[in-house]
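Visitor: Take this structure, written in structure tokens, and hold onto it; I'll ask about it next.
Residue numbers (UniProt numbering): 1 to 297.
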């Protein structure tokens, strides 16, 4: 059974399209960053089972479609329909730099595990890699495909995966830039993909209603999950390495146990210190943030 742990009313003035979770080691607290179509990036502190707004970050001229938090530095990144990537200092709420990514070339972004690079998906099938320190494009990975909707680094830093609007998944070797695998397991856009904590599995979510599980090294299909009645908008591995959660349009799933909701939800899972119990954070199209404790099925 699931119960609402905390709900943030009117977190934004428009739909929340992206959320990221990070740890503030200095304050022994958690940080949540949200991006919305109201053009704002907001930074929240999660402490004592509540969210407190720390910063409301202005700068984007159009809706914010993707956010991420560095794994090693107190910074966050956001990308917007205004074609700019902005880096933010989470300690003082100041903008560090703005990067002109080019029209429709920053739909989704992700920090590398060492936080030296920032990857963005483009509308021409390329993944552009920017230096976090320099703010300049260092190189590109070319899928020779179509609009990239989702990207993910493997936790060990060896691989980068991208999901495209035509249902194609590509996996690159980061060290060599070589395209290792092209997977054609979906028939519709790939909304989300995620690596397992041990970097051995890749889970993909698509508008075709299916979730696919792949063995990364051999590109073998390890499993297919069906039953979603609509688009699967997001997937996220739980840190225990044995469970993952998914959120389809109109309902949400966690550990394969269905909860009922009438709103559109996106989801992320994270461990909450000091017990490391698993918690879900969900963001919805009606501007709310909800957190829920997650127990194993």
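Ideal Cβ placement from N, Cα and C applies to all residues, glycine included.
In angstroms, rounded to a whole number, what distance separates the CA positions of residue 183 and residue 169?
Guide: As a working note, residue 183 is residue 183 in the chain shown. As a working note, residue 169 is residue 169 in the chain shown. C-alpha separation (whole angstroms): 5 Å.
Visitor: Do you know how far the Cα of residue 23 is from the Cα of residue 6?
Guide: Residue numbering aside, residue 6 sits at position 6 when the chain shown is read from its first letter. Residue numbering aside, residue 23 sits at position 23 when the chain shown is read from its first letter. Each residue's alpha carbon lies about 19 Å from the other.
Visitor: Between the beta-carbon of residue 121 and the beta-carbon of residue 127, is there less than 7 Å?
Guide: Counting from one through the chain shown, the residue named residue 121 turns up at place 121. Counting from one through the chain shown, the residue named residue 127 turns up at place 127. Closer than 7 Å, so yes.
Visitor: If residue 195 and residue 152 are in contact, beta carbons under 8 Å, what's the gap, nearest whole angstrom?
Guide: Position 195 of the chain shown, counted from the first residue, corresponds to residue 195. Position 152 of the chain shown, counted from the first residue, corresponds to residue 152. That belief holds up - the Cβ atoms of residue 195 and residue 152 are roughly 6 Å apart, short of 8 Å.
Visitor: With distances taken Cα to Cα, identify the nearest neighbour of residue 159 among 110, 9, 94.
Guide: Here residue 159 refers to the residue found at position 159 when the chain shown is read from its first residue. Considering only alpha carbons, the answer is 110.
Visitor: Say the cut is 6 Å; is the CB of residue 175 nearer than that to a heavy atom of the ligand SAM?
Guide: No copy of the ligand SAM appears in this structure; indeed no ligand is present at all.
Visitor: Identify the residues that DSSP records as bridge partners of residue 24: which are they?
Guide: Along the chain shown, one-based indexing puts residue 24 at 24. Paired residue(s): 29.
Visitor: Any chance you could list the alpha helix (DSSP H) runs of at least 4 consecutive residues sitting entirely within the UniProt repeat "WD" (183-224), in chain order?
Guide: Correct list: empty.
Visitor: Compare the C-alpha of residue 300 against each of 69, 191, 64, 144 and name the closest.
Guide: The shown model of the chain, from 1 to 297, leaves out residue 300, and the question about it has no answer.
Visitor: Which residues in the same chain as residue 129 place their Cβ atom closer than 6 Å to its Cβ, once the five residues preceding and following it in sequence are excluded?
Guide: The residue given as residue 129 occupies position 129 in the chain shown. Same-chain partners within the cutoff: 117, 119, 138, 139.
Visitor: Helix or strand or just coil, what does DSSP make of residue 70?
Guide: Position 70 of the chain shown holds residue 70. The answer is coil: DSSP assigns residue 70 none of H, G, I, E or B.
Visitor: Could you name the residues of the same chain whose beta carbon sits closer than 6 Å to that of residue 91, not counting the 5 residues immediately before and after it, in chain order?
Guide: Within the chain shown, residue 91 is the residue found at index 91, counting from 1. Hits under 6 Å: 74.
Visitor: Identify every run of the beta strand (DSSP E) within the region 144-187, keeping only runs that are complete inside it and at least 3 residues long; order them along the chain.
Guide: Listed in chain order, the complete beta strand (DSSP E) runs (minimum 3 residues) inside the region 144-187 are 148-153, 159-164, 169-173, 179-183.
Visitor: Is it right to say residue 204 is buried, meaning 16 or more other beta carbons lie within 10 angstroms of its own, or is it exposed?
Guide: For the purposes of this step, residue 204 is taken as the residue at position 204 of the chain shown. Under this definition residue 204 is a buried residue.
Visitor: On a CA-only basis, which of 32, 36, 86 is nearest residue 367? Give me that one, please.
Guide: With the chain represented from 1 up to 297, any question about residue 367 goes unanswered, as that position is not in the structure.
Visitor: For residue 71 versus residue 115, is the C-beta spacing smaller than 7 Å?
Guide: Along the chain shown, read from residue 1 onward, the residue named residue 71 stands at position 71. Along the chain shown, read from residue 1 onward, the residue named residue 115 stands at position 115. Yes, the Cβ-Cβ distance between residue 71 and residue 115 is below 7 Å.
Visitor: Measuring straight from C-alpha to C-alpha, what distance separates residue 314 and residue 36?
Guide: Limits of the chain in this structure are 1 at one end and 297 at the other, which puts residue 314 out of reach.
Visitor: What is the rounded straight-line gap between the Cα of residue 224 and the Cα of residue 95?
Guide: Locating residue 224 in the chain shown gives position 224, counting from the first residue. Locating residue 95 in the chain shown gives position 95, counting from the first residue. Rounded to the nearest angstrom, the two C-alpha atoms are 42 Å apart.
Visitor: Can you tell which of 132, 148, 29, 26 has the C-alpha that lies nearest to the C-alpha of residue 68?
Guide: Locating residue 68 in the chain shown gives position 68, counting from the first residue. Comparing Cα positions, the closest option is 132.
Visitor: Assign residue 78 to buried or exposed, taking buried as 16 or more other Cβ atoms, counted over all protein chains shown, within 10 Å of its Cβ.
Guide: Counting from one through the chain shown, the residue named residue 78 turns up at place 78. Burial call: buried.
Visitor: Please report the straight-line C-alpha distance between residue 218 and residue 208, rounded to a whole angstrom.
Guide: For the purposes of this step, residue 218 is identified with residue 218 of the chain shown, where counting begins at 1. For the purposes of this step, residue 208 is identified with residue 208 of the chain shown, where counting begins at 1. For residue 218 and residue 208, the distance between alpha carbons rounds to 24 Å.
Visitor: Provide the residue span of the beta strand (DSSP E) that contains residue 108, from first to last.
Guide: The residue given as residue 108 occupies position 108 in the chain shown. Here the beta strand (DSSP E) through residue 108 covers 108-111.
Visitor: Have a look at residue 193 and residue 161 and give me their C-alpha separation to the nearest angstrom.
Guide: Your numbering for residue 193 matches position 193 in the chain shown. Your numbering for residue 161 matches position 161 in the chain shown. Rounded to the nearest angstrom, the two C-alpha atoms are 8 Å apart.
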